[in-house]
Amino acid sequence: MNTIPYPLNDELAAFFPMLGKLVQTLEAGAEDKLYAFAMLEDLDQFQSNVSQTETSGLTADRGIVLRILAGHRNFEYATNNFDETALLEAAETLRAEALAYFQTLENPPVYTPPTWSDEPLDTFAKPIREQILISGKLPEAGTPVHFGSAYDPSISESGSRSETAKRSREIKEAIAKAGGEKLASAGCMIRRKVKSRLFADRTRQMSQSLFSSLYYLYAITPSGKTVRDIIGGMAGAEAGAGINDELIQRLVETADKVEHAERIKPGRYRIISGPDVTGVIAHEAFGHTQEGDTCRLGRSCAPGLRKKGILVGNKQASIINNAGVFAMGGIPYGVNGTHFFDDEGFIARPQTILDEGQLSSPMNDLISSLVGDINGPSARQSNGKRESWKRPLMPRQTNTYFTAGDKTLDELAELCGDGFIAEHAAGGMEDPKGMGLTAGTEYLEEVKDGKRTGKLFLGPQGGHIELSDPVPRLLNSILAKSVISEADPMNENGSEPINKWGGCGKYHKEGVEAGCGGPWILWESITCG
Amino acid sequence: MNQNFIKNVTDQLTERVENGKLTGWSLKATDSRSLQRLYSSPDGATLNCHQSRRVDGEAFKLSVYSPSETEGMVGTSMIDLVTYLPIDQQLDNAIELSKCSRNKAWEQAGSPSIEPKPIETCDPDIRDNPETVAADLENRFTVAFSKAEGCRLNSAELFVNYSFTEQINSKGLSYTSELSELYLEAAMEKAGQENDKEVHEHTTSVTVKDLDVEGFINECALQVAVLGDSEEPETVDGATILISKDALSQMLNALLPQLNCLNEYLKLPYLKIDDRFGGGYGDSLNLSLDPTIPCMVLSSAYAIDGLPAKGGALIENNTVVNRVIGNRFGQYLDLEPNGLSGNLVVQPGTLEPKDLQGLEYTEVIKFSSLLIDSQKLTWSSEIKLGRHVAADGTVTLVKGGVVSGNLKKNFIDCKLSSTLGTVNVPQSSYDPPLGYRGPDAMLITEGVSIAGQTKEEN
Numbered sequence: 001m002n003t004i005p006y007p008l009n010d011e012l013a014a015f016f017p018m019l020g021k022l023v024q025t026l027e028a029g030a031e032d033k034l035y036a037f038a039m040l041e042d043l044d045q046f047q048s049n050v051s052q053t054e055t056s057g058l059t060a061d062r063g064i065v066l067r068i069l070a071g072h073r074n075f076e077y078a079t080n081n082f083d084e085t086a087l088l089e090a091a092e093t094l095r096a097e098a099l100a101y102f103q104t105l106e107n108p109p110v111y112t113p114p115t116w117s118d119e120p121l122d123t124f125a126k127p128i129r130e131q132i133l134i135s136g137k138l139p140e141a142g143t144p145v146h147f148g149s150a151y152d153p154s155i156s157e158s159g160s161r162s163e164t165a166k167r168s169r170e171i172k173e174a175i176a177k178a179g180g181e182k183l184a185s186a187g188c189m190i191r192r193k194v195k196s197r198l199f200a201d202r203t204r205q206m207s208q209s210l211f212s213s214l215y216y217l218y219a220i221t222p223s224g225k226t227v228r229d230i231i232g233g234m235a236g237a238e239a240g241a242g243i244n245d246e247l248i249q250r251l252v253e254t255a256d257k258v259e260h261a262e263r264i265k266p267g268r269y270r271i272i273s274g275p276d277v278t279g280v281i282a283h284e285a286f287g288h289t290q291e292g293d294t295c296r297l298g299r300s301c302a303p304g305l306r307k308k309g310i311l312v313g314n315k316q317a318s319i320i321n322n323a324g325v326f327a328m329g330g331i332p333y334g335v336n337g338t339h340f341f342d343d344e345g346f347i348a349r350p351q352t353i354l355d356e357g358q359l360s361s362p363m364n365d366l367i368s369s370l371v372g373d374i375n376g377p378s379a380r381q382s383n384g385k386r387e388s389w390k391r392p393l394m395p396r397q398t399n400t401y402f403t404a405g406d407k408t409l410d411e412l413a414e415l416c417g418d419g420f421i422a423e424h425a426a427g428g429m430e431d432p433k434g435m436g437l438t439a440g441t442e443y444l445e446e447v448k449d450g451k452r453t454g455k456l457f458l459g460p461q462g463g464h465i466e467l468s469d470p471v472p473r474l475l476n477s478i479l480a481k482s483v484i485s486e487a488d489p490m491n492e493n494g495s496e497p498i499n500k501w502g503g504c505g506k507y508h509k510e511g512v513e514a515g516c517g518g519p520w521i522l523w524e525s526i527t528c529g
Numbered sequence: 001m002n003q004n005f006i007k008n009v010t011d012q013l014t015e016r017v018e019n020g021k022l023t024g025w026s027l028k029a030t031d032s033r034s035l036q037r038l039y040s041s042p043d044g045a046t047l048n049c050h051q052s053r054r055v056d057g058e059a060f061k062l063s064v065y066s067p068s069e070t071e072g073m074v075g076t077s078m079i080d081l082v083t084y085l086p087i088d089q090q091l092d093n094a095i096e097l098s099k100c101s102r103n104k105a106w107e108q109a110g111s112p113s114i115e116p117k118p119i120e121t122c123d124p125d126i127r128d129n130p131e132t133v134a135a136d137l138e139n140r141f142t143v144a145f146s147k148a149e150g151c152r153l154n155s156a157e158l159f160v161n162y163s164f165t166e167q168i169n170s171k172g173l174s175y176t177s178e179l180s181e182l183y184l185e186a187a188m189e190k191a192g193q194e195n196d197k198e199v200h201e202h203t204t205s206v207t208v209k210d211l212d213v214e215g216f217i218n219e220c221a222l223q224v225a226v227l228g229d230s231e232e233p234e235t236v237d238g239a240t241i242l243i244s245k246d247a248l249s250q251m252l253n254a255l256l257p258q259l260n261c262l263n264e265y266l267k268l269p270y271l272k273i274d275d276r277f278g279g280g281y282g283d284s285l286n287l288s289l290d291p292t293i294p295c296m297v298l299s300s301a302y303a304i305d306g307l308p309a310k311g312g313a314l315i316e317n318n319t320v321v322n323r324v325i326g327n328r329f330g331q332y333l334d335l336e337p338n339g340l341s342g343n344l345v346v347q348p349g350t351l352e353p354k355d356l357q358g359l360e361y362t363e364v365i366k367f368s369s370l371l372i373d374s375q376k377l378t379w380s381s382e383i384k385l386g387r388h389v390a391a392d393g394t395v396t397l398v399k400g401g402v403v404s405g406n407l408k409k410n411f412i413d414c415k416l417s418s419t420l421g422t423v424n425v426p427q428s429s430y431d432p433p434l435g436y437r438g439p440d441a442m443l444i445t446e447g448v449s450i451a452g453q454t455k456e457e458n
């Protein structure tokens with residue numbers, strides 16, 4: 001593959017001078033009191049969905065967020081009216097509001113943003129490092145830096161709506177044909193998205209364009225049981241290159257097996273989780289519990305456990321949060337939780353949030369890093385994210401995954417003996433205060449006498465299955481983990497574990513992209529119902 | 001509302017219909033304003049705003065229909081129009097895109113012969129004085145919380161939202177609607193001790209008058225008061241559970257697609273007229289839709305497809321008596337579109353607190369994440385907080401484990417409360433909007449399993 005970074009178009013780049021002017025207005029004469037930035041978000045998305053009906057749609061959304069940090073309070077104004085005069089007026093109003101508040105504070109803290117030379121370049125992923133440096137040198141404050149996710153421009157489907165719609169139809173028809181009478185319905189949705197951000201503060205101007213593709217294939221049985229394959233990544237149509245007859249046949253066979261699946265009895269079972277379900281467990285386990293806002297607001301158990309030095313998992317329980325995943329397993333691209341910088345302009349870097357059962361400082365946005373929790377302030381991370389310019393920003397996960405182990409999947413099955421494989425995720429939920437965890441799986445595959453039998457099971461009432469346990473019990477029950485890639489067992493490529501396409505609706509409110517994954521993991525036992 | 005933009009767009013759309021490039025179009029324009037405040041509470045009692053936001057936005061959603069070479073078919077596409085790109089270029093894009101999707105042709109709803117009565121869905125105070133409304137609600141919250149004994153406040157959120165929408169199409173349909181929404185959320189726990197449980201609740205309303213801040217704080221405080229040591233529930237493959245109006249409304253909302261002719265066309269499971277749903281010796285299910293209840297989120301003079309909205313029964317005494325027949329899919333199936341839409345309305349049952357005496361059951365106070373499959377009609381969730389009540393009245397707080405169920409069985413031999421409650425999930429929520437007026441609680445005796453600890457483990 002010959003990939004190039006996705007470029008920033010001229011029409012968007014033309015906003016930089018205005019963003020610079022807005023930052024100057026937001027901070028005018030008060031740089032020693034206030035910290036401000038301006039962020040322009042742009043979404044350009046095409047989607048084709050073919051089932052019994054066909055839809056083609058373009059989603060376009062652009063908005064600007066003006067932010068002032070005064071003391072420990074964020075003031076924001078957001079709009080999609082780009083009239084410069086109106087925006088400058090809004091900036092002045094916001095500045096007056098923030099200053100009035102600042103002046104009521106005793107010994108207010110003042111934030112100073114990092115310059116390019118303050119950045120720890122060595123800790124950044126290669127695609128970030130390479131795009132920061134201009135002819136091997138750090139950029140000047142006023143020089144716009146653009147980051148683009150890699151894609152292969154030679155694949156015409158990536159940029160062609162008609163080809164993409166044709167592919168959706170072909171895939172849907174192939175599923176329907178392979179399924180015949182076994183299926184009531186079939187469908188395929190393909191989505192291509194370019195999500196761009198322009199950021200300006202007093203130290204830098206930068207932009208990023210994240211190009212991603214999602215292929216969502218589904219087969220529905222006569223009784224309404226749906227089996228799906230979700231294939232996606234931060235790439236063009238190359239993300240869908242692996243969709244072939246074999247994959248479609250497997251989808252249809254699985255649907256037929258699910259249609260006739262037996263039901264498990266509610267109880268505890270030995271489980272092997274696939275990367276998809278492993279990722280949901282990582283995300284819900286000490287993912288949400290380690291988010292800076294839940295920690296500083298007293299809504300997470302993590303700061304207390306960390307203060308007391310309590311281990312919350314065994315030696316195998318290590319979880320990373322990393323927005324800078326640009327390759328995973330044997331795949332040369334990242335997933336939808338990947339970014340170059342977050343929605344507050346902080347550059348991606350990996351963070352070990354759980355190290356062999358030991359908790360680290362939380363995943364912070366700017367304000368959480370300054371305010372801190374009962375353990376005091378801690379390092380800022382690249383976790384300040386928002387659903388869109390219309391919604392508030394919070395510390396959110398990017399890509400959350402367990403570290404890899406040393407086993408193959410067959411070896412895990414052998415160690416498992418009798419149990420089940422949970423491969424396809426179906427939601428999950430956190431309880432950061434109570435350390436509860438639930439992760440759904442569409443169905444379970446039986447493992448008997450150390451071998452996969454291919455027999456599928458549904459939940460006790462015929463639905464999906466929830467896997468649930470108190471987090472410390474669960475994280476102490478990891479028996480073994482798989483390698484990142486069986487083709488590269490020593491991980492000589494230095495790759496990250498597979499992360500799956502995912503999303504997160506923190507507390508059922510704010511939806512953001514979040515990849516999650518990890519290796520196959522064998523758990524001693526988990527409550528299933 | 002950007003009327004100049006709308007006029008330019010509709011003029012150009014009309015021109016494209018006249019020259020045969022389009023067979024029709026519909027446009028939904030929305031202006032919205034939102035005031036958003038997020039609070040911490042360093043002293044555990046008062047609100048300290050750490051994020052204060054004002055948001056102004058406009059959105060234009062356009063659907064176009066283009067002629068097809070195949071008789072009886074139509075090209076369709078949906079796009080977001082933006083004010084920062086040339087209109088003609090965007091419309092040409094939409095037309096080009098519509099050639100990628102082929103569908104059976106249908107007639108859009110036109111202007112009705114009798115204009116439906118407008119429905120009250122907006123509080124003028126929220127529209128005109130959002131800052132004052134927010135300040136008043138903050139004060140009411142602080143006063144109410146100061147009276148909530150034994151509670152420590154961790155965080156709160158307040159959203160004051162207003163939107164104005166104009167819907168028009170090429171068949172002459174044209175109407176406007178206003179919507180106001182309030183969202184108040186609080187997270188709190190027991191004061192003066194280290195806790196592993198919190199109460200995290202929210203309340204919503206369309207008007208200031210309907211946002212019962214004091215009642216909300218009282219309910220949260222009552223929940224905080226019962227927090228204490230808990231156990232995992234016991235495994236039982238045939239449990240009796242008591243659920244609240246929130247879970248019940250979500251379950252009935254998941255049933256709704258099976259009462260819509262859309263499912264028939266999409267070849268998904270659906271219920272036919274005269275089909276039975278639930279029954280047995282318990283309370284009968286009587287479910288209808290009502291779009292006319294003032295100040296509820298799904299109240300509207302028009303259904304989503306532009307037909308005048310109508311209310312009516314869907315299930316009477318556990319028998320399906322009617323279905324939602326939308327404009328497009330009704331035409332596809334040769335059924336008369338009926339405009340049925342609105343809030344879910346369920347008749348009360350007979351369940352009263354005294355009926356629970358002597359009964360062993362688990363009350364699920366809060367599901368962690370109630371995931372309901374609207375095709376299989378199954379559901380499953382971890383129990384975030386519940387109470388196991390033994391037949392002798394002994395109460396044990398339960399947490400964790402998994403409870404799952406099957407709606408087709410759950411409505412057999414069930415009991416619905418005699419008291420009524422309301423649920424309003426606003427349009428600006430993460431979840432789709434939901435309006436519900438019906439029983440406060442439901443006692444389910446069939447089709448529920450609980451996975452948790454087994455007696456051998458005790």
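Listed in order, the protein sequences are those of chains Y and E.
For the first sequence, the working numbering gives the first residue as 1, with consecutive numbering after it.
For the second sequence, the working numbering gives the first residue as 1, with consecutive numbering after it.
Note that the Cβ used here is the ideal one computed from N, Cα and C, for glycine as well.
Using beta carbons (cut-off 7 Å, strictly below), is ALA323 (chain Y) in contact with chain E? no
CB-CB under 6 Å to PHE60 (chain E), same chain, minus the five flanking residues each way: which ones, in chain order? ALA29 and LEU81
By the 10 Å Cβ neighbour count, where 16 or more other Cβ atoms means buried, how is ILE315 (chain E) classified, buried or exposed? buried
Taking CB distances under 7 Å as the criterion, tell me whether HIS464 (chain Y) reaches chain E. yes
Through-space distance from GLU387 (chain Y) to GLY110 (chain E), alpha-carbon basis: 36 Å
Can you pull out the residues from the region 52-67 of chain E whose beta carbon lies closer than 7 Å to at least one beta carbon of chain Y? SER52, ARG53, ARG54, VAL55, ASP56, GLY57 and GLU58
Count the other CB atoms, across all protein chains shown, that sit within 10 Å of the CB of SER482 (chain Y); report buried if there are 16 or more and exposed otherwise. buried
For LEU415 (chain Y) and SER168 (chain Y), the rounded distance between their alpha carbons: 41 Å
Label THR14 (chain E) either buried or exposed according to how many other C-beta atoms from any shown protein chain fall within 10 Å of its C-beta, with 16 as the threshold for buried. exposed
Taking Cβ-Cβ distances shorter than 8 Å, what residues in chain E pair up with GLN52 (chain Y)? TYR265, LEU266 and LYS267
What separation, rounded to the nearest whole angstrom, lies between the Cα atoms of PHE75 (chain Y) and LEU262 (chain E)? 45 Å
Give me the DSSP bridge partner(s) of GLY20 (chain E). None; GLY20 (chain E) has no bridge partner.
Residue burial classification, ASP276 (chain Y) (beta-carbon count within 10 angstroms, cutoff 16): buried
What residues in the region 369-386 of chain E have a beta carbon less than 9 Å from any beta carbon of chain Y? SER369, LEU371, ILE372, ASP373, SER374, GLN375, LYS376, LEU377, THR378, TRP379, SER380, SER381, GLU382, ILE383, LYS384 and LEU385
List the residues of chain E that GLN461 (chain Y) touches, going by C-beta distances under 7 Å, in chain order. THR378, SER404, GLY405, ASN406, GLY447 and SER449
Report the partner residues of TYR215 (chain Y) according to the DSSP bridge assignment. Y:ILE190 and Y:ILE231
Between Y:LYS407, Y:ASN322, Y:GLU173 and Y:LYS177, which has its C-alpha nearest ASN491 (chain Y)'s C-alpha? Y:LYS407
Would you check if the distance between the CB atom of GLU382 (chain E) and the CB atom of GLU291 (chain Y) is smaller than 7 Å? no
Quick check on ASN80 (chain Y) - is its C-beta less than 7 Å from some C-beta in chain E? yes
Which runs of the alpha helix (DSSP H) spanning at least 4 residues fall entirely within the region 346-417 of chain E, listed in chain order? 407-410
Minimum Cβ-Cβ distance from ALA156 (chain E) to chain Y less than 7 Å: no
So, LEU121 (chain Y) versus ALA285 (chain Y), is the Cβ gap smaller than 7 Å? no
CB contact below 7 Å: GLU201 (chain E) versus chain Y: no
Please report the distance separating the alpha-carbon of ASP365 (chain Y) from that of MET188 (chain E). 23 Å
Show which residues of chain Y have a CB atom less than 9 Å away from the CB atom of CYS220 (chain E). The contacting residues do not exist; CYS220 (chain E) stays about 14 Å from chain Y at best.
Considering Cα atoms alone, identify which of Y:LEU214, Y:SER162 and Y:LYS195 is closest to ASP61 (chain Y). Y:LYS195
With 16 other CB atoms within 10 Å as the buried threshold, where does ASN458 (chain E) fall? Residue placement at ASN458 (chain E) cannot be trusted, given a pLDDT of 43 that sits under 50; what the coordinates show is reported in the next sentence. Burial call: exposed.
Reducing DSSP to helix, strand and coil, say where ASN458 (chain E) ends up. Summary for ASN458 (chain E): the model assigns pLDDT 43, below 50, so the residue's position carries little reliability; its value from the coordinates is reported in the next sentence. In the structure shown, ASN458 (chain E) sits in coil (DSSP, three-state: anything other than H, G, I, E or B).
Quick one: list the residues of chain Y neighbouring VAL82 (chain E), beta-carbon separation under 7 Å, in chain order. ALA60 and ARG62
Can a CB atom of chain Y be found closer than 7 Å to the CB of SER40 (chain E)? yes
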